[in-house]
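S.K.:
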Amino acid sequence: MALPMLESLAAEDSAPDSTAKRLVCIGGYLGFHQKSIYPRQAGRDYEMSPLLHPIAEHRNDFTIFSGLDHRAPNGHGAWSNYLCGQNPESESLDQIVAGQIGQGSRFPSMQLTAGKASRSMSFTRQGIALPMIQRPSVLYRKLFASADDRAHTEYLLKSGRSALDLVLADAQRLQRKVSRRDADKLSEYFHSVRDVEKRMARQLKGIDDPIPQTDYRLPNYDPVAPNLMLEAETLMYDLLALALQTESTRVAAMFLAGLGQVFTIDGETLQAGYHALSHHGNDPDKVRDLVKVELEHMKCFNHFLTQLKTSTDAHGRPLLDSTIVMLGTGMGDASRHANDNLPTIVVGGGFRHGQHISVDRTQPAAPLLGDLFITMMQKLGLEEESFSNAHRNLNHLFS
Amino acid sequence: MKKRASQTPTEISITCSADHYETATGPRVATGRYCQASASQTPTKPVQPTASSEVPIDLSAKMKTPPWIHLSRRFALLPLLCCTALHAAERVPERSTEFLTVYCLDCHDAATAEGEVNLAFSDIAWGTEAARHHWERVLNVLAAGAMPPKDSTQPDVAERSAMLQWLDESLTKHSKTGGTVLRRLNRDEYRYSIRRLFGMSFELPDGFPQDTGDQQFDTIGDRLILSPPLMNAYADVASDIADEIFSPVRPAPVSTVRNVTPDELVISYSSGSVRENAMRLASKCSPMMRSCTWPSKVEITDSGLYRLRIDASTFRPVSTDPMLLKVLASDVSGKDSVNVNSLRLLKQVKVLQQEATTFEFEAKLYEGQTVVFHYANAPLNSDRAAKESLQAWFQSKFESDPRYLAAWQQLTQDDSRGGFRGGLGWQRVKYFMAGDELDISQATIGSDATKKLLKAIAGNPVLYTETIAYDSFENGPALEIHGMEIEGPLSRVDGPRDTTRKKIQSGILGADFDPDNEKQVRNMLTGFLSGAFRRPVQPEIVDGFQQLLKQHQAGGQSFEQGMHLVLRAALISPRFLYREMTEGPLDEYDLASRLAFFLTSHPPDEKLFTLAKQGKLRDVRTLRAQALRLMPRDQAAPMVRRFTGQWLDTDRLEDIMPDPRLKFSEEDQRRSRQEVKMFFAEMVKQNLPMTDFVSPDFTFTSAGIAKNIYGLNTDAYDPKNKSMQRVTLPRDGRYGGILGQAAVLMATANGVDTQPVVRGVWVLENILGDPPPPPPKAVPAITPDTAGAKTPRELLAAHATEDSCAACHRKIDPIGFALENFDAVGRWRNHYPVWSKDEKGRPVSSTGAIIDSSGQLPDGTSIADIVDLKRWVTNNIDQFSQCLAEKLMTYATGHKPNYVERKEIAAIVERNYETGNGFQDLIVALVLSETFRTK
């Protein structure tokens, strides 16, 4: 699918520098079959593994890591460690980055899911799990609001301000009546209401901003039916590419769900649901079908990478060169519910790629996934020296 | 003054590292780590635990209450003095200074401050919480005889009493009943408030902020922070609710025709298969996702009347009866596991022809729905209830062809790879049938192998149906759907959302409402706002909202849009979001709220509101009657779920995934939580004595848990009955009561192994109300010896040898060891397991070190095991009652009871003990207390 031509809205950027400008984190709920994704050899001269084949054309633009994890507990419940590090529900990588580089764009960050999300992936500093957009139509309207939508939003914002004024006046009356301790407590209310006001003002100001136009059209249904997940995934990637290209956002996270759906791939209906396949117990038939599903994920991913490579930023460089895209997971081996050794692929962002970096996690000083995150954050211009339980970086292996 | 203030201790600790209590999933319980003393490398001979019988104040097992309660009995309650200069320091009287100098300052002077406890003060700033906390701990250790240490000079009884009396008087004088800070509604209270206010079903949206904080209960004012993200969420939810009730007008829909082809129908599990351009359905069962198909790309956007045209036929029917096709409606965003019988039936059609026939009819479809197809009389039925018919189906197939039977036998024998689910299994059956080496020697209906197979089929109908359905897809009988057309909407109809909307609107506006009648509008606003704010609203508040509405209409908006705005404003008002605003004794309305939120988690109902309006609620008899009326009656009461989950930590079970080797299913987890709730509800409802919390003669449990965990004789159980049943237990047994319930034992472990220290601390905190101070930071945690060479007791030996550890661990460890016989899911064990793998790689356990559950409690009581520990707790039941009463009071009032409040609770506990010790009586007495009735 060809992307419509779009004028980049980020013309105010000065000369290109070596820092990355955007971050995309993709998380696969059921992980990836390790034997099928990890190349057998480490280093630059590795042979493409079956799951890497679909992205082989980008060989020099990605690096695959094996042996990294957060030293976190096992189980589906611990999946959310993926972007949070050792402690789930601590501020996730994307939110840390969004706090620093996301503010200038219409959406400081975006959270998306392909399929019904069963876990949270992005967490604010306060530990709040951010909801993910599941319907492509909802994301589309957010990105490319129609005139009617904008008029309605404006109405809601303007009338909402009069509602805020009313309750604020009443809250002030109330504050004079309560004890000092309660008045202190109420200051939380005033502080928070002011934040709502600010958000509204920001949105109201944004109403008049030019909204990117696109000739991209969604199908006339939302692919929410379980077996349309791969279709949803394709659409979400397309819209995400558009969002990045139009500078609507610089930071995004996308969850790839995994439920009991029976996929039909290339006209062939699989023999069991996706989740059941992931519990393959090394049964070769189940592994074969599981890998078929995972190959579809990789094909979608490849298409997304190609879109980022063929579209350009304000300086005429491929978008991918200044966008770090990470495909990873919080589940190392779904068949065992093990959350160690998390397959992780990093693409673009100006890194020198083309390697399989294999970490021997049995060594006491073995680097952690958090160390890679630190390297990524530094590439994005953040001055972070630690992430969760990681306090080093991978700059010596990967820069 | 400045110098003194800087000396005010902020923390007293005889501490141990936070690592001890750390957990994988929550802050309070440990992972696989044991506590070890920092300087434990040199083994020393064990120190004898202090025998408390040597201390002047008797703490023998006969006493039922914690030490400080005795003080309240010994010293009559002194009248509360008003404390004007809150933070002014008060001089320590000479007699007390002398006591401190003689008995304490050797170790606890400012310079030495052993255990970080400094007692060298000439003035005490009683007005500060830190000072009260500090000196109350001094009072406790003095009363308990824990200090001065036994090898130091001891005060005589009179000296000690005088010191205790001074501390008690000072603390009483400077503690004031009350102390609840303005409380925001927590998630549950907010949710229930919306439901009650509008009479609508309502769930918080995903991503709605959690109530964070480290306090045990989510009702505590200090913990209920209002942050900008939460306020934004409140504003968004308010807007969503307003959309539901006063929704924007939508343009009239345009009628269209939608075509659905067979490959656009959902396949989930083995619900269908597309063959020769038709969707074939072969089986049925209750969950929609396993037995139905539905268009994946149709979602109705406008409720209305639609015309459906469905092309269907039979495929190789086995009888002349028609195949029944049920056409149903379901919500696209709903759960796919919904029961077919709960879906709305649009039409049932009889399909008789092997050629495609068009069935045309009109049906109402609502916003957000799609059409579902179900083969209602499919011969294959995977519901457990229909297993005999499934066996009969298999048997008839087997009878017709021995090779077919033999192939199924081989499939199930060859199941080591577990891959025979669905079409994959059917492929293998066909492969075996075609093979030359098929063993047909057992392929008779009467053979043992066949009997075994039929039994297996009955044991797992879903698995076998999923496989044999593929036989039917290929060879019939199956019901075929060739396509469908949906035309419409032909006309608009009210969907369930429209109906609900109109109902809620009339609830707010009242009957015969005229939006142009200003008086009616004002009455309506007054009524709505007082409901939302849980008290009558002053005219100036109504004025504000009326202005808002008026101005909005003046700006050209409709009345409905004005109400949309009123709702958005009311739901972010502090008067809705916060409760308990007036200082001192609660007024009628705040009392109504406190009572209602405590016992029902809901805002006050009409009855309470009316009583408050009449000024009657503060009357003791009325309040008692209302408490009894609102008392939780069963496990479904939100208070039961909320309080037990937070008090006993069973909320943690959601995050614990038990080690599969322990064989504790998700179903078991659910049931074990249910047990806690049903047990608690029974305690309330039957007003059972407090001792029944520890040694009851009953519990509620499922047949599975009774057999596999509790090792009960389950002859009386109907194994088919999966629900919870009340069972009788011996009073002095291992199981029963909160110290023997699977959910509690699981919540205090980590799903894999147990840590005696964690459980010990937990019991002290939540059962005995005597939590140890936090552990020192310098002590490293060590990992358990998974090889089983050392028992936890051996690993914890340092606790007895290191004085700095022993101070706390002589209280903690004996309790933890007594619970060691319960594994991480509460199953009894006499030995630690040693895990290995058998030749097939499956985990097997063998008997490891024997568990030594004996110990000595700090008061000198020797216990052999959990039964003795439970006996000790029932002998000292007031200590437990006090603990639980304080937890209930904290939950209800939103702050931890202070010194005077705990004294009031102690008096209540004591009185309750003397009058039957019923749990419901205790709750009522707490509600009637001054503490409960004060902000």
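Chains as they are written, first to last, in this note's numbering: chain A, 1 to 399; chain B, 1 to 935. Virtual Cβ for every residue (Gly too), placed ideally from N, Cα, C.
Can you tell me which of the three DSSP states T754(B) falls into?
M.R.: In the structure shown, T754(B) sits in coil (DSSP, three-state: anything other than H, G, I, E or B).
S.K.: Taking Cβ-Cβ distances below 9 Å as the criterion, which residues of the segment 191-214 of chain B are in contact with chain A?
M.R.: If the cut-off is 9 Å between Cβ atoms, the segment 191-214 of chain B has P205, D206, G207, F208, P209, Q210 and T212 near chain A.
S.K.: Given that a residue counts as buried once 16 or more other Cβ atoms are within 10 Å of its Cβ, and exposed if not, what is K502(B)?
M.R.: Burial call: exposed.
S.K.: So is L6(A) in contact with chain B if we call contact Cβ pairs under 8 Å?
M.R.: For L6(A), the predicted structure reports a pLDDT of 42, less than 50, and the residue's modelled location is therefore unreliable. A value from the coordinates is still provided. So no, L6(A) is outside the interface.
S.K.: How many Å lie between P604(B) and D371(A) at the Cα?
M.R.: The straight-line gap from Cα to Cα measures roughly 53 Å.
S.K.: For N227(A), which residues in chain B fall below 9 Å Cβ to Cβ?
M.R.: V266, I267, S268 and S296, listed in chain order.
S.K.: Classify T728(B) as buried or exposed, calling it buried when 16 or more other Cβ atoms lie within 10 Å of its own Cβ.
M.R.: So T728(B) ends up on the exposed side.
S.K.: For a test of the three-state rule: what should DSSP assign to A24(B), helix, strand or coil?
M.R.: Confidence is the limiting factor: at A24(B) the pLDDT is only 31, short of 50, which leaves the residue's position unreliable, though a coordinate-based value still follows. In this structure, A24(B) counts as coil in the three-state DSSP scheme.
S.K.: According to the neighbour-count rule (16 or more other Cβ atoms, all chains shown, within 10 Å of its Cβ), is P489(B) buried or exposed?
M.R.: With 16 or more Cβ atoms within 10 Å of its Cβ, P489(B) is classed as buried.
S.K.: Give the interface partners of I225(B) over in chain A, defined as CB-CB distance under 8 Å, in chain order.
M.R.: Per Cβ cutoff of 8 Å: E188.
S.K.: Compare the Cα-Cα distances from I324(A) to each of H152(A), V251(A) and P219(A) and report the closest residue.
M.R.: Answer by Cα proximity: V251(A).
S.K.: Could you please tell me which residues of the segment 203-215 of chain A, in chain order, have their CB closer than 7 Å to any CB of chain B?
M.R.: Hits within the stretch: zero.
S.K.: Just to confirm my understanding: we take K397(B), look at its own chain, exclude 5 residues before and 5 after, and list those with CB closer than 7 Å. What are they?
M.R.: The answer, listed in chain order, is Y404.
S.K.: When you compare the CB of P936(B) with every CB in chain A, is at least one pair closer than 8 Å?
M.R.: Here chain B covers residues 1 to 935 and nothing more, so residue 936(B) does not appear.
S.K.: Quick one: is L346(B) buried, meaning 16 or more other Cβ sit within 10 Å of its Cβ, or exposed?
M.R.: It counts as buried.
S.K.: Whole angstroms is fine: what's the gap from S862(B)'s alpha carbon to C104(B)'s?
M.R.: Taking the straight line from one Cα to the other gives about 30 Å.
S.K.: Within the 8 Å Cβ cut-off, does K292(A) reach chain B?
M.R.: No, its Cβ sits nowhere closer than 8 Å to a Cβ of chain B.
S.K.: Return the chain-ordered list of same chain residues with a C-beta closer than 7 Å to the C-beta of I851(B), the five sequence neighbours on each side being excluded.
M.R.: Cβ within range, chain order: E820, N821, R829, N830, H831 and Y832.
S.K.: Which runs of the beta strand (DSSP E) fall wholly inside the segment 472-553 of chain B and span at least 3 residues, in chain order?
M.R.: Fully enclosed beta strand (DSSP E) runs of 3 or longer: 478-492.
S.K.: Just to check my reading of the structure: M229(A) and G115(A) have Cβ atoms closer than 8 Å, yes? What is that Cβ distance to the nearest angstrom?
M.R.: At roughly 4 Å, the Cβ-Cβ gap stays under 8 Å, so M229(A) and G115(A) are in contact.
S.K.: Verify the CB distance criterion: does S18(A) have a CB-CB separation below 8 Å to chain B?
M.R.: No - not a single Cβ of chain B is within 8 Å of the one on S18(A).
S.K.: For chain B, check one thing: does any of its Cβ atoms lie closer than 8 Å to the Cβ of Q261(A)?
M.R.: Chain B contact via Cβ: present.
S.K.: Going by DSSP, what residues sit across from D333(A) in a beta bridge?
M.R.: D333(A) is bridged to A338(A).
S.K.: Note down the Cα distance separating I508(B) from S593(B), rounded to an integer number of angstroms.
M.R.: Distance between the alpha carbons of I508(B) and S593(B) is about 21 Å.
S.K.: In three-state DSSP terms, what is Y306(B)?
M.R.: In this structure, Y306(B) counts as strand in the three-state DSSP scheme.
S.K.: Check whether the Cβ atoms of G737(B) and S695(B) sit closer than 8 Å, and answer yes or no.
M.R.: For G737(B) and S695(B), yes; Cβs fall inside 8 Å.
S.K.: Do Y470(B) and S270(B) have their CB atoms nearer than 8 Å?
M.R.: It is a contact, given that the beta carbons lie within the stated cut-off.
S.K.: Is the CB of R187(B) under 8 Å away from at least one CB in chain A?
M.R.: So no, R187(B) is outside the interface.
S.K.: Going by the CB atoms, is the gap between T701(B) and T177(B) shorter than 8 Å?
M.R.: Result no, Cβ atoms of T177(B) and T701(B) do not sit closer than 8 Å.
S.K.: In chain B, which residues lie with their C-beta within 9 Å of the C-beta of G102(A)?
M.R.: Within chain B, no residue comes near G102(A); the closest Cβ sits about 15 Å away, beyond 9 Å.
S.K.: For H33(A) and L369(A), which I take to be in contact (beta-carbon distance under 8 Å), what is that distance rounded to the nearest angstrom?
M.R.: Not really, about 19 Å apart at Cβ, beyond 8 Å.
S.K.: Any idea if D313(A) is buried or exposed, counting beta-carbon neighbours within 10 angstroms, 16 or more meaning buried?
M.R.: Per the 10 Å Cβ criterion, buried.
S.K.: L342(A) and G349(A) - do their beta-carbons sit closer together than 8 Å?
M.R.: Not a contact, by the Cβ cut-off of 8 Å.
S.K.: Use the C-beta contact count for V640(B): other C-beta atoms within 10 angstroms, 16 or more gives buried, fewer gives exposed.
M.R.: V640(B) comes out buried.
S.K.: Are any of the Cβ atoms in chain B nearer than 8 Å to that of S90(A)?
M.R.: S90(A) does not count as touching chain B.
S.K.: Tell me which residues share the same chain as P43(B) and place their Cβ nearer than 6 Å to its Cβ, disregarding the 5 neighbours each side in the sequence.
M.R.: For P43(B), the pLDDT reaches just 33, beneath the cut-off of 50, and the residue's location in the model is therefore unreliable, although a value from the coordinates is still provided. Here the set comprises nothing.
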